[in-house]
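S.K.:
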Amino acid sequence: MDITQGLDKPTTAKQTNLLSSLIDMACAENLSVAMWQLPGETEQHAIVDCSGQLNKVQPDLENLPEGFIASTFLRENPEDFFIRADIHFKSNEQELVERILPNQEWKIGQTRDEFIRKLKSVIVKNTPRYHSHSAAHYSISDKNHYIKMVEKSIGEIEAETFQKVVLSRNKTIELPEGFDIMSCFNRLCKAYPAAFVSLISLPGVGTWMGASPEILINTNEKGIFKTISLAGTQAKSKFDNICDASWTQKEIEEQAMVSRYVINCFKKIRLREFEEIGPKTVAAGSLLHLRTDYVVDTKAVNYPQLGSVMLGLLHPTSAICGMPKETSLDFILEHEDYERSFYSGYLGPVNVEGKTGIFVNLRCMQLLEKEAVLYAGAGITQDSVPEKEFMETEMKMNIMFSQLEG
């Protein structure tokens, strides 16, 4: 159903107003909402879960309805948050389409027609509301703490406790006066077209926004499965052309560790028929990374459930945790001294128009009422320099920080 039927074709500004209204009305009704733009695309998607509940599901991707899944870094149980696509809006240059999925219960305080009629007529005079978690967030990962943590981890690597560990930090900053969540989302889409730009707002949980460069798993209606290994970070501004980028032995080895991790996951399920492409240098906004792609034809290998299986094996990947997973994770939990929550978890659309795209939640922030909590991490190996690793987290945090103001 085209909600703009009978009206002038909406301009970008009108589309933004409609999407702002959608966020505002969903949060006013205490509903879960998700928005996203896929890498390399210009179309924005927005869905609303009209069940009136905070839904959790088993990550059985192939059997889930259309919706959006989100997981924290560590889960207390094998369930993920799930936002059903009861309402699905798609924007492009021609139209903004609303589609109510069949056989879904409508449990909010107004009828479906009333909701759509109000959405079409409402104009957001102020910035749209979003679900803000009321709990206090304290950052103790200051520079001194982070550098000491990196130094200790290098000692553990030299003692062969683990080969690599990914250490993160957060910091809380004030939101600018008049911060508008939809404008920020649009700036991220424009600034990082090769990233997965996302926004989720869950009642009682909070609101997160990000621009992630890292695919965890991707499947489509043709049965093609994809994943990547991504590691190594440096500023894009150091080179006139990304083809000229050079990498240190530390960065090359770090990326190779992530690649070995992916291949070992394939070995665990005795999957040998995969295509490996890379490593190659790729740009993610102002940063460069090393990336290797892995592709599997699930129909050819008769493995239709590969997406769910690999999701369980891969997360948390060595790119956000370390190698070996168990010992590096123990170090993280003992020394980071804060809860990552959705940072370095995963999220993305599931079975939307036959496609599933799950991404690692990197380059992200949590939005509080008047503050934003920024998150970033760096991969630590034996060749790491603590000061440089701290500066890498600063570069990554700046991706979100730079888009907060228009």
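Our numbering applies: residue 87 is where the sequence shown begins, and numbers increase by one. Don't be surprised by glycine CBs; every beta carbon is placed ideally from N, CA and C.
Sorted by chain position, which residues of the same chain lie with C-beta nearer than 7 Å to E179's C-beta, five sequence neighbours on each side aside?
M.R.: With a pLDDT of only 48 at E179, under the threshold of 50, the placement of this residue in the model should not be trusted, and no figure is reported.
S.K.: Give the straight-line distance between the Cα atoms of E165 and I328, rounded to the nearest whole angstrom.
M.R.: Each residue's alpha carbon lies about 40 Å from the other.
S.K.: Among I310, C351, T319 and F352, which residue has its Cα nearest to the Cα of K524?
M.R.: Lying outside 87 to 492, the shown extent of the chain, residue 524 is not represented and no answer is given.
S.K.: Can you list, in chain order, the stretches of the beta strand (DSSP E) that have 3 or more residues and sit fully within the stretch 255 to 300?
M.R.: Counting whole runs of 3 or more residues, the stretch 255 to 300 contains the beta strand (DSSP E) stretches 282 to 288 and 292 to 298.
S.K.: Could you tell me whether the stretch 378 to 394 touches the stretch 144 to 153, where touching means 3 or more Cβ pairs closer than 8 Å?
M.R.: Contact holds: three or more Cβ-Cβ distances are below 8 Å.
S.K.: Using beta-carbon positions only, say whether V134 and L160 come within less than 7 Å of one another.
M.R.: Result no, Cβ atoms of V134 and L160 do not sit closer than 7 Å.
S.K.: With burial defined as no fewer than 16 other Cβ atoms inside 10 Å of the residue's Cβ, what is the status of D172: buried or exposed?
M.R.: Buried is the call here.
S.K.: In whole angstroms, give me the CA-to-CA distance for I259 and K308.
M.R.: One C-alpha to the other measures close to 44 Å.
S.K.: Mind checking which residues open and close the alpha helix (DSSP H) that includes Q335?
M.R.: From DSSP, the alpha helix (DSSP H) with Q335 extends over Q335 to K354.
S.K.: Whose CA, out of V446, R273, S107 and S239, lies closest to the CA of E491?
M.R.: It is R273 whose Cα lies nearest to the Cα of E491.
S.K.: Determine the contact status of Y216 and T158, defining contact as a CB-CB distance below 7 Å.
M.R.: Contact flag unset, no.
S.K.: Do three or more CB pairs link the stretch 401 to 419 to the stretch 125 to 140 at distances below 8 Å?
M.R.: No, the stretch 401 to 419 is not in contact with the stretch 125 to 140.
S.K.: Beta-carbon within less than 6 Å of S345's beta-carbon, same chain only, minus the 5 sequence neighbours each way: which residues are those?
M.R.: Excluding positions up to five away in sequence, the list reads S315 and T378.
S.K.: Going by DSSP, which residues form a beta bridge with R161?
M.R.: Paired residue(s): none; R161 is not in a bridge.
S.K.: How many whole angstroms separate the CB atoms of L124 and G443, which I take to be in contact at a CB cut-off of 8 Å?
M.R.: Contact holds; Cβ gap of about 6 Å.
S.K.: Compute the Euclidean distance between the alpha carbons of A462 and F476, then round it to the nearest angstrom.
M.R.: The straight-line gap from Cα to Cα measures roughly 10 Å.
S.K.: With burial defined as no fewer than 16 other Cβ atoms inside 10 Å of the residue's Cβ, what is the status of I355: buried or exposed?
M.R.: By the neighbour-count rule (16 or more Cβ atoms within 10 Å), I355 is not buried but exposed.
S.K.: What separation, rounded to the nearest whole angstrom, lies between the Cα atoms of L454 and L261?
M.R.: Their backbone Cα atoms lie some 9 Å apart in a straight line.
S.K.: Within 10 Å of its beta-carbon, does P390 have 16 or more other beta-carbons around it, so buried, or fewer, so exposed?
M.R.: The residue in question, P390, is exposed, as its Cβ has fewer than 16 Cβ neighbours within 10 Å.
S.K.: Given a cut-off of 7 Å, decide if L357 and A317 are closer than it, judged by their beta-carbon atoms.
M.R.: No.
S.K.: Are the Cβ atoms of K411 and L374 separated by less than 7 Å?
M.R.: No.
S.K.: Taking just the CA atoms, how far does F325 sit from D46?
M.R.: Because the chain is modelled from 87 through 492, residue 46 falls outside the range shown and cannot be assessed.
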